[in-house]
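Report on the following structure.
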Amino acid sequence: MKMIVAIIKPSRLDAVLDAVTEAGASGLTVTEVRGYGRQKGKTEIYRGAEYEVKLLPKVKLEIAVSDDLVAGVSDAIVAASNSGKIGDGKIFVLDLEQALRIRTGERDASAISG
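Written out as structure tokens, the structure is:
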């Protein structure tokens, strides 16, 4: 099992949700986060005053999948979130040692399947 963690632009969230569902992910967690990378923030004007926003709003997706779905779900995230511009985001794939569905006690692959 793997945990896919993706950081994407908020404007691409709906497209990515549709794409990962179609790729076979049965569930995910979405968190609104702020951060920066090579994008380094941006300058905005508010009520005539210019100021720099260093931490930009992003969306963090956490998706637990079986090993055979990793490539398909990752490719779906890339296809749905890629604008070709800096700040599109990152995907991290981590080993997931154990999963447990609290309600039924199911473990591992059966705990993360639909």
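Here the sequence shown is numbered in the working numbering, starting from 9 and rising by one per residue. Cβ atoms here follow ideal geometry from the backbone N, Cα and C, with glycine treated the same way.
Quiz prompt | Bounding residues of the alpha helix (DSSP H) (the contiguous stretch that carries residue 112) | solution = Your numbering for residue 112 matches position 104 in the sequence shown. Here residue 112 belongs to no alpha helix (DSSP H), and DSSP marks it neither H nor E.
Quiz item: Which residue or residues does DSSP assign as beta-bridge partners of residue 40?
Solution: On the sequence shown, residue 40 is found 32 positions in, with the first residue counted as 1. The partner list for residue 40 (beta bridge, DSSP) reads 67.
Practice problem: With a threshold of 16 other CB atoms inside 10 Å of the CB of residue 50, please say whether the residue is buried or exposed. | Solution: Looking up residue 50 in the sequence shown gives position 42. Exposed, since its Cβ has fewer than 16 Cβ neighbours within 10 Å.
Self-check item: Residue burial classification, residue 88 (beta-carbon count within 10 angstroms, cutoff 16)
Solution: Walking along the sequence shown from the start, residue 88 turns up at place 80. Residue 88 is buried by the Cβ-count criterion.
Self-check item: Residue span of the alpha helix (DSSP H) that contains residue 30, given as start and end
Solution: Mapped onto the sequence shown, residue 30 falls at position 22. Taken as a continuous stretch (DSSP letters only), the alpha helix (DSSP H) holding residue 30 covers 21 to 30.
Quiz item: For the putative contact between residue 17 and residue 44, defined by C-beta atoms under 8 Å, what is the C-beta separation to the nearest angstrom?
Solution: Counting from 1 along the sequence shown, the entry for residue 17 is found at position 9. Counting from 1 along the sequence shown, the entry for residue 44 is found at position 36. Going by Cβ atoms, the distance from residue 17 to residue 44 rounds to 13 Å, so no, they are not a contact pair.
Quiz item: Closer than 8 Å: is that where the CB of residue 21 sits relative to any heavy atom of the ligand SAM?
Solution: The ligand SAM is absent from the structure shown, which contains no ligands of any kind.
Exercise. Consult DSSP for residue 96 and reduce its assignment to one of helix, strand or coil.
Key: Taking the first residue of the sequence shown as 1, we reach residue 96 at position 88. Looking at residue 96 - three-state DSSP - the assignment turns out to be coil, as it is neither helix nor strand.
Practice problem: Grab the span of the alpha helix (DSSP H) containing residue 132 for me, first residue to last. | Solution: Only positions 9 to 122 of the chain appear in the structure, and residue 132 is not among them; the question remains open.
Exercise. Note down the Cα distance separating residue 39 from residue 117, rounded to an integer number of angstroms.
Key: Working through the sequence shown from its first residue, we reach residue 39 at position 31. Working through the sequence shown from its first residue, we reach residue 117 at position 109. Distance between the alpha carbons of residue 39 and residue 117: 23 Å.
Quiz item: Which residues bound the beta strand (DSSP E) around residue 52?
Solution: Residue 52 sits at position 44 when you count from the first residue of the sequence shown. Looking at the DSSP string, the run of the beta strand (DSSP E) that includes residue 52 is 50 to 54.
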